[in-house]
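FYI, the numbering for the sequence shown is 1 to 242, going by full-length UniProt numbering.
To start, the structure under review is shown below, and the notes come after it.
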Amino acid sequence: MGHQPSAADCFALICRALRASTLFAEWPLPSIERLAKMARLEHHKKHTQVLAADRERREVLVVVSGSVEVSRTNADGSRFVGILMRAGDCSGLVRLLPEIRAPYDYVVLEEALLVHAPSDAMIEIMNDEPILWRSVALLLLSRQRDNAVSMQQRVLSDLSTQLAARIVELLAASDISGAGGRGQSLHLSQSKLASMLGKSRQTINKELGKLSAKGLITIDYGKIDVLDLPALEALAASGSSR
């Protein structure tokens, strides 16, 4: 039987995780501790779905370790993968708005430890200290910028450029996760990559072959090795400069 962390250990870990996240990094310690007292720490096994029992539960999720895929499936079964959350990432800010429904799926790709922070508790703390809303505004503006760039790439760039941009983005995310050093490999299936770009696996396989023929990457089962990162970054950047 494994060792169960004490309440004090969980509280300390939640505080550290919040302070290490993008959203809460500039919050003062008393505010962090206030939220940590109302948050909970949950371990999620690989391939399980977070919030499966209540997909619209109003919580902000912060990744302590592991990785979580945020996706959406429509009525006919078509699936779109939005982002991959890794250590320090957070999701669910739209749940700060009580009238907004957000039926996203959170699927654990690598065994994950998550902080579940109640939306109402966050709102109460930020209303008591309005300056804390600044962190929410800055993060949302950053994401709006990223979404605008992504939309521009989809409209103005060819698929090879879009694919290069997504690979570069995922490599950067793996760096943030604390692997140490600049990552050169992605452990990701072509089906997953296809879902992120809204294309078929066969189409993505063809485009990966083009990047491989240029000497930028090599492809293996469930893995992409980047051979020339500067050239891949240059290709990715060409889409946003058009």
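Where a beta carbon is used, it is the ideal one built from N, C-alpha and C, also for glycine.
CB-CB length for residue i against residue j, believed under 8 Å
i: C71; j: A87; result: First, the amino acid is wrong: residue 71 is Ser here, not Cys. Not confirmed; about 19 Å, so no contact.
i: L132; j: W27; result: 6 Å
i: A112; j: V68; result: 6 Å
i: L18; j: V62; result: 6 Å
i: L211; j: A164; result: 7 Å
Inter-residue spacing [alpha-carbon to alpha-carbon] between residue i and residue j
i: E207; j: E110; result: 27 Å
i: L186; j: D128; result: 43 Å
i: A194; j: N205; result: 9 Å
i: A213; j: E99; result: 50 Å
i: M196; j: D89; result: 18 Å
i: H47; j: V108; result: 5 Å
i: L14; j: L84; result: In the sequence as presented, Leu is not what sits at residue 14; that position holds Ile. Their Cα atoms are separated by approximately 21 Å.
i: P5; j: E42; result: 12 Å
i: R34; j: A7; result: 15 Å
7 Å Cβ shell around residue i - same chain, five flanking residues per side excluded
i: S119; result: R58, E59, V60, R95 and L96
i: L51; result: R57 and Y106
i: I32; result: C15, L18, R19 and F24
i: C10; result: L41
DSSP bridge partner residues for residue i (one or two, in chain order)
i: H47; result: DSSP lists no partner for H47.
i: I219; result: I224
i: S200; result: In DSSP, S200 forms no bridge with anything.
i: D105; result: S71
Assigned secondary structure, residue i (DSSP; H/G/I helix, E/B strand, else coil)
i: L209; result: Sequence inspection shows Gly at residue 209; the Leu mentioned does not correspond to that position. Three-state result, G209: helix.
i: R40; result: strand
i: L23; result: coil
i: E233; result: helix
i: E33; result: helix
i: D89; result: coil
i: P118; result: strand
i: E99; result: coil
i: E111; result: strand
Own chain, CB closer than 6 Å to residue i, minus 5 neighbours either side, in chain order
i: L188; result: none
Spatial neighbours of residue i in its chain, beta-carbon cut-off 8 Å, leaving aside the 5 residues before and after
i: L203; result: The question names Leu, but residue 203 is Thr in the sequence shown. So the list reads L159 and A194, once near-sequence residues are dropped.
Below-8 Å beta-carbon distance, residue i vs any chain B residue
i: R101; result: The structure shown contains no chain B; it holds only a single protein chain.
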